[in-house]
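In the working numbering, the protein residues as written are 159 to 465.
Note that CB positions come from ideal geometry on N, CA and C, so glycine has one too.
Okay, structure first, notes after.
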Amino acid sequence: MRRIWHNEHGGPSVLQVEEADVPSPADGEVLVEVEAVGVTLPGLLHLRDLPLPQRPGGELAGRIVALGPDVAGFTVGQRVTGLTMSGAMAEYAVAPAILLDVVPDGVDPAIALTIVRSGLVALAALRTANLAAGESVLVTAAAGGVGHLAVQLARALGAGRVVGTVSDPAKADFVRAQGADEVVLSNDLAGTAPVDIVIEGVGGQVLNDALDRVAPFGRLITLSAAPAHIESHTLLTGLRTVTGLSMGQIHRHRPDLIRAWRDDLWQLLATNAIHPAIAATYPLDQAAAAYDHLASRTSLGKIVLKP
Ligand SMILES: NC(=O)c1ccc[n+]([C@@H]2O[C@H](COP(=O)([O-])OP(=O)(O)OC[C@H]3O[C@@H](n4cnc5c(N)ncnc54)[C@H](OP(=O)(O)O)[C@@H]3O)[C@@H](O)[C@H]2O)c1
């Protein structure tokens, strides 16, 4: 089979295609014939810092072709989507069964993985913020994989005013089409009226500027692995709450929440309440071009590889 790997740090050009044996599923794992793999911002950033060699790809959709020992609840031939530790950018990949969900009949693999990864993060953030009907929501990086679904979900869950931020005004029409009432540049948030909830996926100065826009008793949910320093004073005088959200930790501590949110997402998809946008699909051997697209900050929705 073909797979993507890299043995030096850098930008997307470090990625290479190689021939390798099809892996065998270990205890609790399944072997998946991969139909779609997500191209993500954490994946792009990790090209520069994870121990080498690396086999990228952490979110996938495909068909089960073999079960490892001790796997219950799945059968060969089922279509599944979810997470794996690495190595999903390949024709075949192994994944822990506990991180997978069955894809409903008729759902395209790219849509399925966008729902179960980006949509899950977005819904987790809105649920963690306890969004109440009519509350205003600001979503940063609102044209991204997580961001565009956070805008759609805020609308579907009854938010009032929805604001999206982008780094480039060329993305504003796309974000409005997802349901945003306003689109603002992420480096020019000062004039934005206060909001009840911020879903923040950029980090750094954008997090601090967005936090300044949180109304009294408002909540900011921080998703980004990019660092940011938060002054306790702005929480105290602003009557603001900041909550961190790690899907890995929720998987570990509250798998029941993950299952409930996935069920909600499939239901929202089935009733056409949400419409994941696929920015582009690339073949496996163009993984570098897919990451270049993401790094250009011009993408509208989710970028996907289809082996
Ligand atoms: N906490 C968790 O468990 C968890 C899980 C998954 C994802 N996340 C986080 O959610 C955020 C969105 O992830 P994603 O995979 O949905 O991203 P994505 O689709 O890959 O979108 C990335 C968006 O991030 C913005 N961005 C900011 N810095 C960038 C950079 N250096 N290069 C390219 N784009 C950049 C871009 O919007 P603008 O150019 O408009 O700013 C772009 O639209 C990330 O911060 C990621 O770490 C967190």
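Not a single heavy atom of ligand 1 lies less than 6 Å from the C-beta of L225. Out of G402, G235, L347 and F375, the CA that lies nearest to the CA of V364 is found in L347. In the DSSP assignment, P413 falls outside any beta strand (DSSP E) and lies within the alpha helix (DSSP H) extending over P413 to A428.
Cβ contact annotation for A437 (same chain, cutoff 7 Å, sequence separation greater than five): S457, L458, G459, K460 and I461, in chain order. By the neighbour-count criterion, in which 16 or more other beta carbons inside 10 Å mark a residue as buried, M243 falls on the exposed side.
Distance from the CA atom of A431 to the CA atom of L281, rounded to whole angstroms, is 13 Å. Taking 3 residues as the shortest admissible run, the stretch 316 to 364 contains the following complete beta strand (DSSP E) segments, listed from N- to C-terminal end: 320 to 324, 340 to 343 and 353 to 358.
Pairwise C-beta distances place the stretch 191 to 199 out of contact with the stretch 224 to 233, as fewer than three of them are shorter than 8 Å.
At least one heavy atom of ligand 1 falls within 6 Å of the beta-carbon of P200. Segment contact: the stretch 383 to 390 against the stretch 354 to 373, three or more CB-CB distances shorter than 8 Å; contact assigned. Spatial neighbours of G220 in its own chain (CB-CB distance under 6 Å, excluding positions within 5 residues in sequence) are listed in chain order as V190, E191, V192 and E193. Burial check for P352: the Cβ neighbour count within 10 Å stays below 16, so the residue is exposed.
Following the DSSP letters along the chain, one finds I436 in no alpha helix (DSSP H) but inside the beta strand (DSSP E) bounded by residues I436 to P441. Rounded to the nearest angstrom, the gap between the Cα atoms of V372 and I416 is 27 Å. For ligand 1, a non-hydrogen atom lies closer than 6 Å to the CB of M405.
Annotated three-state conformation of A368 is helix, per DSSP. Residue burial annotation: S182 is exposed, with fewer than 16 other C-beta atoms found within 10 angstroms of its C-beta.
Straight across, the Cα-Cα distance linking D354 with E293 is about 6 Å. With respect to L378, V356 sits close: the two C-beta atoms are nearer than 7 Å. At the C-beta level, I273 and L423 come within 7 Å of one another. Comparing alpha carbon positions, the residue from G337, A287, L289 and D266 closest to A301 is G337. Here DSSP, grouped into helix, strand and coil, assigns G231 to coil.
A residue is called buried once 16 or more other Cβ atoms fall within 10 Å of its Cβ, and Q310 is buried on that count. Below 8 Å, too few C-beta pairs join the stretch 402 to 422 and the stretch 161 to 178 to call them touching: fewer than three.
Using a Cβ-Cβ distance cut-off of 8 Å, the stretch 401 to 410 and the stretch 310 to 327 are not in contact, since fewer than three pairs of beta carbons, one from each stretch, lie closer than that value. Relative to ligand 1, the beta carbon of G302 is positioned inside 6 Å of a heavy atom. The beta carbon of P211 sits closer than 8 Å to those of W163, H164 and N165, all from its chain and outside the five residues before and after it, given in chain order. In this chain, the alpha helix (DSSP H) harbouring L311 covers G303 to A314. Around the CB of V229, 16 or more other CB atoms lie within 10 Å, so the residue is classed as buried. Boundaries of the beta strand (DSSP E) around D259: L258 to V260. I461: member of the beta strand (DSSP E) spanning K460 to K464, first to last residue.
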